[in-house]
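J.:
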């Protein structure tokens, strides 16, 4: 199997020679990066000493290995002396770490290839299942983290503590991906990693407009890369809407080409300003969750997208073998939540509501209006309904106002926030303060 014993020894020697080198190795390497058993055991011993704030030298290392009962197994004093004689120059440490990462990747790919070959010969799984499993493992390798079936409580507790500390340090601030809607972000603290956010509404409420407004805010204002799967509109139609937002020119004028000289100048300025906006659009139709997973992984690897929008859920092709639309939607919902956890980013998926709200006196949607499956409500971390009173009531007291109804908020309070609906530009914006 691919390995480099000299690089492993050089890193261990560097850890013993310099606290700075030791910190770097502990932060950037894992035990599995060491192919040779004795080197891996010595690294584990050094990590333990480092975690306990014990200075790293020959005496402390020998003592730790003796406590573990592995001192003679790793080669005794003779092997440790050999390692200590190898003290690389500081500039080479990064190169040695890169070598170990490279060899680890080769070993992981060889192991993955063997697993795929064995599973393929067995013939117990559908081809698409094998492809998806292989993609997931390759994605994990590409993101430089191994796939683990479990995590120790202590490791998770440390991560949880760090999250709590981060929240405390940024109390009242956005700690997730900001939607750009101030009142919404005040409630959610931004969209959080691994969250599945369902944005649902009746037709003509502006689902796509809200999603585009959020994607635009995240990419153009917060400078975070965003992925977008548009299963209904073409990429060109979406981009026209974004240009309209940036230029403050009514979308109808842009689509009809009916602009005066000043508006043409604003349009050209907007196009220049949007040249490098990090939004990546896939407008394929009739896609499955397996195809979305594959493309989303690619977006994450190549562009490090921080959020993904899907417009919209009912256009995703489900597994017809399940026998009912309800089971199809349940599987789609479960797959999207699983993808959000895998990529460690929020996924915002739009959904269309049935006619239930139209039949009631109060047309505001409720959770029971989610069509086809209660699994959507179960899997989602946030369910946000869009409601515009002026659509139903011409004499409304709130013209140009949209309500974002947080009907479910797994990690916070449910509430309703108001946003401005700019029909001329088919977009949502922050509501002006009174």
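Numbering (this note's numbering), first residue to last: 543 to 976.
Glycine included, every Cβ here is placed at the ideal spot set by N, Cα and C.
For the alpha helix (DSSP H) holding residue 547, just list the boundary residues, first then last.
T.: That run of the alpha helix (DSSP H) goes 547-559.
J.: Could you round the C-beta distance between residue 773 and residue 836 to whole angstroms and report it? I think they count as a contact, below 8 angstroms.
T.: Going by Cβ atoms, the distance from residue 773 to residue 836 rounds to 15 angstroms, so no, they are not a contact pair.
J.: Please list the segments of the alpha helix (DSSP H) lying wholly inside the segment 755-833, counting only runs of 4 or more residues, in order along the chain.
T.: With a minimum length of 4 residues, the continuous alpha helix (DSSP H) runs that stay inside the segment 755-833 are 777-789, 793-798, 803-815.
J.: Just mark residue 895 as buried or exposed, buried being the case when its beta carbon has 16 or more other beta carbons within 10 Å.
T.: Buried is the call here.
J.: Under 8 angstroms by Cβ, that's how I've got residue 906 and residue 929 pegged, so tell me the actual separation to the nearest angstrom.
T.: With 8 angstroms as the limit, residue 906 and residue 929 qualify as a contact, their Cβ atoms being about 5 angstroms apart.
J.: Run the CB neighbour count on residue 770, radius 10 Å, all protein chains shown included, and call it buried at 16 or more, exposed below.
T.: It is buried - the Cβ of residue 770 has at least 16 other Cβ atoms within 10 Å.
J.: Classify residue 971 as helix, strand or coil using the three-state DSSP reduction.
T.: Residue 971 falls in the strand class under three-state DSSP.
J.: Using a Cβ-Cβ cut-off of 6 angstroms (strictly less than) and excluding sequence neighbours within five positions of residue 824, which residues of its own chain qualify?
T.: These residues qualify, in order along the chain: 771, 837.
J.: If you draw a straight line from the alpha carbon of residue 957 to that of residue 740, how long is it in whole angstroms?
T.: Residue 957 and residue 740: Cα-Cα distance of roughly 15 angstroms.
J.: Run through the DSSP bridge pairs and tell me what residue 894 is partnered with.
T.: Answer by DSSP bridge pairing, in chain order: 743.
J.: How would you label residue 707, buried or exposed, when you count the other beta carbons within 10 angstroms and need 16 or more for buried?
T.: It counts as exposed.
J.: Under the three-state reduction of DSSP, which class applies to residue 860: helix, strand or coil?
T.: Reduced to three states, the DSSP call for residue 860 is coil.
J.: Here's a check: name, in chain order, each residue in its chain whose Cβ is nearer than 7 angstroms to the Cβ of residue 737, leaving out the five neighbours to either side.
T.: Counting only Cβ-Cβ distances below 7 angstroms, and skipping sequence neighbours, we find 882, 888, 923, 924.
J.: Check whether the Cβ atoms of residue 554 and residue 581 lie closer than 8 angstroms to each other.
T.: Closer than 8 angstroms, so yes.
J.: Along the beta strand (DSSP E) that carries residue 867, what are the first and last residues, could you check?
T.: Counting along the chain, residue 867 falls outside any beta strand (DSSP E), though it belongs to the alpha helix (DSSP H) covering 867-885.
J.: Mapping the DSSP letters down to three states, classify residue 853 as helix, strand or coil.
T.: Strand.
J.: Within the same chain, show all residues whose beta-carbon is closer than 8 angstroms to that of residue 964, passing over the 5 residues directly before and after it, in chain order.
T.: Counting only Cβ-Cβ distances below 8 angstroms, and skipping sequence neighbours, we find 942, 970, 971.
J.: Using the three-state DSSP reduction, which class does residue 843 fall into: helix, strand or coil?
T.: Residue state, collapsed to three classes: helix.
J.: Measure the Cβ-Cβ separation of residue 781 and residue 851 and say whether it is below 8 angstroms.
T.: It is not a contact, given that the beta carbons lie outside the stated cut-off.
J.: Which partner residues of residue 946 appear in the DSSP bridge assignment?
T.: Answer is 928, 959.
J.: From what residue to what residue does the alpha helix (DSSP H) around residue 724 run?
T.: Per DSSP, residue 724 belongs to the alpha helix (DSSP H) from 724-730.
J.: Inspect the CB distances between the segment 813-820 and the segment 783-800 and report whether three or more fall short of 8 angstroms.
T.: Verdict: yes, contact present.
J.: Nearest-angstrom Cα distance between residue 909 and residue 949?
T.: Using only the alpha carbons, I get a separation of about 7 angstroms.
J.: Under DSSP, the alpha helix (DSSP H) around residue 670 begins and ends at which residues?
T.: Its alpha helix (DSSP H) spans residues 669-684.
J.: How is residue 905 classed by DSSP in three states: helix, strand or coil?
T.: Coil at residue 905, not helix or strand.
J.: Within 10 Å of its beta-carbon, does residue 954 have 16 or more other beta-carbons around it, so buried, or fewer, so exposed?
T.: Residue 954 should be labelled exposed.
J.: Alpha carbon to alpha carbon, how far is residue 747 from residue 570?
T.: So the alpha carbons of these two residues sit roughly 48 angstroms apart.
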